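Numbering-wise (this note's numbering), the sequence shown opens with residue 69 and increments by one. The beta carbon of each residue, even a glycine, is placed where N, CA and C say it ideally should be. Owing to the predicted nature of the structure, the values given are computational and were not obtained by experimental measurement.
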Amino acid sequence: MSKPEDKDPADKRFWRAMQKEAPAPRRTQTPGVVDLTADLSSLSVEELAHRRRALRSMLAASEARQQQVLRSRLPALTQGLVVRIKSGKFKHRQGTVVDADYIRSRVLLNIQDEAESQWLEFARITAVSDDDSADTADESSQ
69 MSKPEDKDPA
79 DKRFWRAMQK
89 EAPAPRRTQT
99 PGVVDLTADL
109 SSLSVEELAH
119 RRRALRSMLA
129 ASEARQQQVL
139 RSRLPALTQG
149 LVVRIKSGKF
159 KHRQGTVVDA
169 DYIRSRVLLN
179 IQDEAESQWL
189 EFARITAVSD
199 DDSADTADES
209 SQ
């Protein structure tokens with residue numbers, strides 16, 4: 069910063085203060101927080117290794133959250149999907165999806181041992197897990 073050539077003592081003090089070096093900002097190390105803006109060339113080998121471990125840990129946690137969401141997501145109600153009815157007249161029975169009406173939140177099912185397909189609300193059905201289909205196979209073989 070260049071200072072103007074003024075004779076006012078207040079101006080001189082102002083420019084003198086401006087020319088002094090400002091103290092370096094104090095960095096506090098918060099546990100679990102990695103500063104990605106720092107100059108990496110000034111870090112020791114241990115600090116670099118710590119950063120790599122922290123970043124890998126964050127990446128693994130992010131991937132785990134993503135996998136959890138994918139596992140908990142319900143399958144799309146596509147034609148041929150087998151579902152279990154969890155409430156109503158056909159409770160505990162299985163059906164096969166024929167059609168889905170997303171506007172009215174209902175699904176058309178071919179239900180076992182029923183002559184006609186039935187419309188049921190989405191809330192009344194659930195996906196069939198591998199355990200459910202194994203239980204049904206065991207019951208039908210007895």
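Host alpha helix (DSSP H) of residue i (start-end)
i	result
Ala129	Val113 to Ser140
Cβ-based neighbour list, residue i, same chain, cut-off 6 Å, excluding 5 preceding and 5 following
i	result
Gly62	As displayed, the chain neither begins before 69 nor continues past 210, which places residue 62 out of reach and without an answer.
Pair within 7 Å by beta-carbon distance, residue i and residue j
i	j	result
Lys154	Thr194	yes
Leu31	Val165	Outside the shown range of the chain, which is 69 to 210, sits residue 31, and nothing can be said about it.
Arg152	Val196	yes
Leu176	Gly163	no
Ile171	Phe158	no
Boundaries (first-last residue) of the beta strand (DSSP E) holding residue i
i	result
Glu189	Gln186 to Glu189
Ile179	Arg174 to Ile179
Asp167	Gln162 to Asp169
Ala195	Ile193 to Ala195
Val151	Val150 to Ile153
Spatial neighbours of residue i in its chain, beta-carbon cut-off 7 Å, leaving aside the 5 residues before and after
i	result
Glu189	Ser173 and Arg174
Ser185	Val166, Leu176, Leu177 and Asn178
Gly148	Thr164 and Val165
Cβ-heavy atom distance, residue i to the ligand FAD, below 6 Å
i	result
Val165	The ligand FAD is absent from the structure shown, which contains no ligand whatsoever.
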